[in-house]
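Please read the structure below before turning to the comments.
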Amino acid sequence: MAEIIEKLVTTDEIKADEYLVNMGPQHPSTHGVLRLLLKLEGEIVHNVDPHVGYIHSGIEKMTEALSYPQLIHLTDRMDYLSSHMNNEAVCLCIENALQVEVPERVKYIRTIFDELQRLASHQLWWCASGMDLGALTAFFYGLRDREDILDIFEETCGARLTLNYSVPGGVMFDLHPNFQRRVKDFIKKFKKKIPEYDTLLTGNVIFQERSKGVGILSKEDAIAFGVTGPTGRASGFSCDIRKHHPYSAYPLVNFNEAMGSDGDTFTRWKVRMDEMWESISIIEQLIDNIPEGDYAVKMKGVIKLPEGEFYQRVETARGEFGVFIVSDGKKNPYRVKFRSPGFSNLFAINHIAKGWKIADLVAIMATFDLVIPDIDR
Amino acid sequence: MTNEQLIEHLSNAYPDAVAKIGIQYPEIIVGKEMLHAFMLKLKSDPTLAFDYLVCEGGVDYPTYMQVVYHLESTTHKHFLVVKCNTENRETPALDTVSDIWPTAEFHEREIFDLMGIVFNNHHDLRRLFLDDSWGFPLRKDYKDDIHVVER
Amino acid sequence: MALEKYDFTPITQSIHEGLISNMSPLLTTIVEWTIIGVIYLLFVAVFGLLLVYVERKVCAAFQQRMGPMRVGPWGLLQTIADFIKLLMKELITPKSVDKFLYNLAPFIVIIVPFLTISVIPFGPGLQALDFDIGIFFVTAVSSVGVIGVLLAGWASNNKYSLIGGMRSGAQIVSYELSVGMSLITMVILAGTMQVSQIVALQRDGWFLFKGHIPAIIAFFVFVIAGTAETNRGPFDLAEAESELTAGFHTEYSGIKFAFFFLAEYINLFIVSAMATIVFLGGWMPFHFGSWEGFNGVMDLIPGIIWFFAKVFGIIFLIMWFKWTFPRLRIDQILTLEWKYLLPINLFNILLMATVVLLGWHW
Amino acid sequence: MNSFFQYITEIFKGVWSLISGMRITAKYFFTPWKHVTQQYPENRDKLVMFDRFRGEVIMPHNENNEHKCTGCGICELNCPNGSIEIISKSIVTDEGKKKRILDKHIYHLSMCTFCNLCIKSCPSDAIIMGQKFEHAYWNRTSMTKVLNMPGSKIMEGIKE
């Protein structure tokens, strides 16, 4: 710590009115072990220096020693709120490399799971950012409704958070017989809850005062910093992989890309709220039409990718997730690189938080929806 | 531009670079001397306009190291993979592209941290995840007797 | 009059006479002070713990939870267990704090509610001090607490604490104004600052109804400003847990932390009690015009129960605020005060003066 | 004058948004029987996990203390974390043939990530996921379990 301060003092020089504050690694609003070294003047933020790596788990190194089906379960632990999307990304990458066509049923199941996962993630985001802004009750309402989705997950695949449901060539289990009924019940219930969420926070005058015009990220900056997902779309950067590079059953459904243009905290909030409606509509389009068939194609006992480099992009709840696999033809990958949305998003914070107050920084962080293992990997 | 046009355009403009259509995307391997000028051209040329650096990652090969850039143009929607090799594995160094795409600043810090590739002219090349005394864990010859158990 | 049934004056009077017949006047005074002190000490401790329990249960109900359920039936003994835990905890004094001020701050904070509580009439004859400037005393004394908060923030030698302390300073200095002004509005209506007289004047109708429009406006301003003054959500910037971890009391532990905690709840009680006294008729029962039967039934309920029922009503309202709204930002809090509450207040004083002058009140 | 009206409407709109928010919380406050929390250790008897719930790896035995595990070691190979160790021994069967059978199926619960790969890959369905989720132990050694019961045999008719 002393060295870092020394370095900052010598390189960046702290002016007489400025002081340094460590926000984190243990701080209620950093949602994990993220440390932001803030340079403040009074309450005004002058510089944000993110220090990451407190829970770096070396997943990229670990994958080099694992076979392809084995490494999927590690991606659960990166962005644990979009674990199924991460699983799917790796599976799609492997399937593309092997030129395996998965059954239609699998595509539908995967897409429904994606959207349920997105809803669960956005619910957690909604309640956690409500808590960041001081509305503690919101936290419990969000978690209460998220339980229903987790129950659906648990019934079908046995896990609530780290699903490990996608496997190369399909999914691990067939859908539970109750699945469709449960999803429909949930959607019916949840459609009544979102207006409640809106009344509680989105329409609230205090919340609007806190968020409108705060922390504006322009479209150019969003592209330059690689800010994707709802955060990027709020700035007008059309970056929805589901729309531009559709995978699984996304080509079959109609949905709008939730977009904003202002790029402030409120727009980021609104885009995510809109995205919940879009997810619901996608699920509604698919849930009744799941085709019969196999839930997985038979793969070889030992999966070996052909020599070469493969890149697969999917849209997680946070933005664009990329898997870059370099294969040398063996059963273990030569190198796996994960392009995680949180990593790129995080570093745009310094750019937009300058000149705002600490309370605004917390609001900005809340609407960036960071998951720290996603950054640290 | 379609992939073929893109490859043709690039190979005409840069005969030194090796351009081909890979398994998924058009790929181009550029020399490390021309990397920065080439990248600047990719960003600023209106017909190319690669303004979004999707991903930047390093790969450790037996005799050299490679940095792979995945680029996309948000206006033309075309995609390009740029690869650049270092001279050797002992003192790997490339020019930074963080002045072209700000997001590269942190990707390069990550690559420096985990693979030990130095990026020239990077204005803030500190280690990102690990502390300074740590080795470079993503290199293939990385040995850690304490944390890594080999079976 | 049925009210006199529950008057505590004869009891206190007889205690006083019993004491003074046996000892010198000076000693009597000292003994009486001690008794009152002990009673208030017990009251603050017990009521503070009770409020913590109530807050937990109320917030749990808002959040569809059950709240504490383990210690005792329905978790009734939970706060007592917590208090015992806090008593037994180590008092950590961080390195390089300003030791004297650091230790002084919790005491200043806890003294304020003790000073203020003395003028509050809990029921007929249950009032320790009856000044002719009671309201003025309350407004004057209640602003001392901010010194404790500022000291705690400064002396902790922690940047979060310092920011919290400074926020609290700016906030309380601003909102004192609104609290004072809304009380002044009612003083204009009452024509006195003596607390017992203000209560007595509301025998035939609470000031909230007597003073109609200006009184209602003043009531709302008072509740908002009072919430802000007690540092409760949505104005809990001084501790703002998602921004400043715990604000000014980050570095306090054990019983010193409990002092801050207790003071917050007793301040909540005092603000609610002041609102009750000035707007809702103190311990006076609810009377409706000329419905003699209804009024007679209301009179059967003792004044002290009326008082606490009203106080809990307002406490519930303030808790409701806290568990619904997001937190404001410091500049917005000041904007709310200086751009909205203060002009409304000034206008309201004018309105009230007009109403009183023209005799438009009941 | 216009700005004055704006000021007033702003106040009323703001207050209305606050009141409608308070109505939501009040709705839940006054329906306390709709609590969503459960009293966990008390409701243990009624608590039913979903049948696919991944609690721990177990090896079911039938009433004759027989299991289906052949000791082939595929689960050990498929486990990403090394939480399964198979120790096999060779015996001489009644017909005089040499045969490798399972000696100990060791399962390190502390290393398991419940990825389900071992169960999926098991050719004889010898191991399944159990429903127990209360995995707190005083001692780390209790988390290393031997899945086959002492003295257990392989079931008749299980193919090697």
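Protein chains in written order, with this note's numbering: chain A, 886 to 1262; chain B, 194 to 344; chain C, 407 to 768; chain D, 4 to 163.
Heads up, the beta-carbon is just placed ideally off N, CA and C, and yes, glycines get one too.
Review point. At a Cβ threshold of 9 Å, is Tyr993 of chain A touching chain C?
Key: False, the Cβ-Cβ gap to chain C never drops below 9 Å.
Check your understanding: In its own chain, which residues sit with a C-beta less than 8 Å from the C-beta of Ile594 of chain C, not counting the 5 before and 5 after it?
Key -> If we look at Ile594 of chain C and ignore the five residues flanking it on each side, its Cβ neighbours are Ile755, Met758, Ala759 and Val762.
Review point. For the stretch 627-660 of chain C, which residues have a CB atom closer than 9 Å to at least one CB atom of chain A, in sequence order?
Key: Under the 9 Å Cβ criterion, the stretch 627-660 of chain C contributes Gly639, Pro640, Asp642, Leu643, Ala646, Glu647, Ser648, Glu649, Leu650 and Thr651.
**Study point:** The alpha helix (DSSP H) enclosing Asp253 of chain B, as first and last residue numbers
**Key:** Counting along the chain, Asp253 of chain B falls outside any alpha helix (DSSP H), though it belongs to the beta strand (DSSP E) covering Tyr245 to Asp253.
Point to revise | Interface residues of chain A facing Lys745 of chain C [CB-CB closer than 8 Å] | key: Correct list: empty, because the minimum Cβ distance to chain A is about 12 Å.
Practice item. Closer than 7 Å by C-beta to Lys135 of chain D: which residues in its own chain qualify, once you throw out the five before and the five after it? Chain order, please. Key: Within the same chain, Cβ atoms closer than 7 Å to the Cβ of Lys135 of chain D are found at Gly58 and Glu59, the five residues on either side in sequence being excluded.
Review point. Using DSSP with H/G/I as helix, E/B as strand and the rest coil, what is Phe7 of chain D?
Key: Three-state result, Phe7 of chain D: helix.
Point to revise | Sequence-distant residues of the same chain with beta carbon closer than 7 Å to Tyr671 of chain C, five excluded per side | key: So the qualifying residues of the chain are Gly454, Leu457 and Val458.
Exercise for review: Determine the DSSP secondary structure at Leu273 of chain B, reduced to helix, strand or coil.
Suggested key: Taken through DSSP and simplified to helix, strand or coil, Leu273 of chain B comes out as strand.
Exercise for review: Rank A:Ala1020, A:Arg1095 and A:Tyr993 by C-alpha distance to the C-alpha of Thr741 of chain C and give the top, closest one.
Suggested key: Out of A:Ala1020, A:Arg1095 and A:Tyr993, A:Arg1095 has the C-alpha closest to the C-alpha of Thr741 of chain C.
Review point. Whole-angstrom Cβ separation of Lys1155 of chain A and Gly1145 of chain A, contact assumed at under 8 Å?
Key: Contact holds; Cβ gap of about 6 Å.
Check your understanding: Should Pro295 of chain B go down as buried or exposed, given a rule of 16 or more other Cβ atoms within 10 Å for buried?
Key -> Here Pro295 of chain B is buried. Its C-beta has 16 or more other C-beta atoms within 10 Å.
Review point. Name the chain C residues whose beta carbon is nearer than 7 Å to that of Asp37 of chain D?
Key: Just to set this straight, residue 37 of chain D is Lys in the shown sequence, not Asp. Per Cβ cutoff of 7 Å: Gln470.
Review point. When DSSP labels each residue in this structure, what does Gly917 of chain A get in the three-state scheme?
Key: In the three-state DSSP reduction, Gly917 of chain A falls in the strand class (E or B).
Exercise for review: Measure the alpha-carbon distance for His138 of chain D versus Met963 of chain A and round it to whole angstroms.
Suggested key: Whole-angstrom Cα-Cα distance: 24 Å.
Point to revise | For Phe1209 of chain A, the first and last residue of its enclosing beta strand (DSSP E) | key: Glu1205 to Ser1212 is the span of the beta strand (DSSP E), which, as asked, contains Phe1209 of chain A.
**Study point:** Contact under 9 Å by Cβ, Ile87 of chain D with His108 of chain D
**Key:** With a cutoff of 9 Å on beta-carbon distance, Ile87 of chain D and His108 of chain D are scored as near each other.
Practice item. Measure from the alpha carbon of Lys924 of chain A to the alpha carbon of each residue in A:Asp934, A:Asn1089, A:Pro1115 and A:Val918, then state which is nearest. Key: Checked all of A:Asp934, A:Asn1089, A:Pro1115 and A:Val918; the closest Cα to Lys924 of chain A is A:Asp934.
Exercise for review: Establish whether the CB of Pro285 of chain B and some CB of chain A are separated by less than 9 Å.
Suggested key: Not one chain A Cβ lies under 9 Å of Pro285 of chain B.
**Study point:** Under the three-state DSSP convention, the category Gly224 of chain B falls into
**Key:** Shown here, Gly224 of chain B sits in coil according to DSSP, grouped into three states, outside any helix or strand.
Review point. Counting pairs of beta carbons, one from the stretch 1065-1078 of chain A and one from the stretch 199-208 of chain B, are three or more of them closer than 8 Å?
Key: Short answer: they don't touch.
**Study point:** Classification of Tyr140 of chain D by the beta-carbon crowding that lies within 10 angstroms, buried from 16 upward
**Key:** Exposed.
**Study point:** Supposed close pair Thr1041 of chain A, Ser1133 of chain A - CB separation, criterion 8 Å
**Key:** Thr1041 of chain A to Ser1133 of chain A, Cβ: 17 Å. No contact.
Point to revise | Other residues of its chain near Phe666 of chain C: CB distance less than 7 Å, five sequence neighbours each side excluded | key: If we look at Phe666 of chain C and ignore the five residues flanking it on each side, its Cβ neighbours are Pro512, Val515, His655 and Tyr658.
Review point. What in chain A is Cβ-close to Ile216 of chain B, meaning under 9 Å?
Key: Asn981, Ala982, Pro1191, Gly1193, Glu1194 and Phe1195, listed in chain order.
Review point. Using the beta-carbon count (16 or more within 10 Å), is Arg47 of chain D buried or exposed?
Key: Exposed: under 16 other Cβ atoms inside 10 Å.
**Study point:** Rounded C-alpha distance that separates Met908 of chain A from Val930 of chain A
**Key:** Roughly 12 Å separates the two Cα atoms.
Review point. Is the Cβ of Ser6 of chain D closer than 9 Å to any Cβ of chain C?
Key: No, because no Cβ of chain C sits closer than 9 Å to the Cβ of Ser6 of chain D.
Review point. When you compare only the Cα positions, how much space is there between Arg609 of chain C and Gly709 of chain C?
Key: Rounded to the nearest angstrom, the gap between the Cα atoms of Arg609 of chain C and Gly709 of chain C is 11 Å.
Exercise for review: Identify the continuous beta strand (DSSP E) that holds Glu1194 of chain A and give its terminal residues.
Suggested key: Under the DSSP assignment, Glu1194 of chain A falls in the beta strand (DSSP E) whose first and last residues are Gly1193 to Glu1200.
Point to revise | CA nearest to the CA of Met1184 of chain A, picked from A:Gly1015, A:Pro988 and A:Phe1038 | key: Scanning A:Gly1015, A:Pro988 and A:Phe1038 for the CA closest to the CA of Met1184 of chain A turns up A:Pro988.
Exercise for review: Under 7 Å between beta-carbons, which chain A residues line up against Leu663 of chain C? List them in chain order, please.
Suggested key: The identity of residue 663 of chain C in the sequence shown is Phe, whereas the question assumes Leu. Under the 7 Å cutoff, chain A gives no residues; its nearest Cβ is about 17 Å from Phe663 of chain C.
Exercise for review: Would you please verify whether the beta carbon of Gln738 of chain C is less than 9 Å from any beta carbon of chain A?
Suggested key: It does: the Cβ of Gln738 of chain C has a partner Cβ on chain A nearer than 9 Å.
Point to revise | Local conformation of Met25 of chain D per DSSP, three classes | key: Note: Met25 of chain D maps to helix in three-state DSSP.
Point to revise | Under 9 Å by beta carbon: chain C residues contacting Thr1152 of chain A | key: Identification of chain C residues near Thr1152 of chain A by a Cβ-Cβ cut-off of 9 Å yields none; the smallest Cβ-Cβ distance measures about 17 Å.
Practice item. Leaving aside the five residues before and after Leu225 of chain B along the sequence, list all residues of the same chain whose C-beta is less than 6 Å from its C-beta, in chain order. Key: The residue you asked about is not Leu; residue 225 of chain B is Lys in the sequence shown. So the list reads Cys277 and Leu287, once near-sequence residues are dropped.
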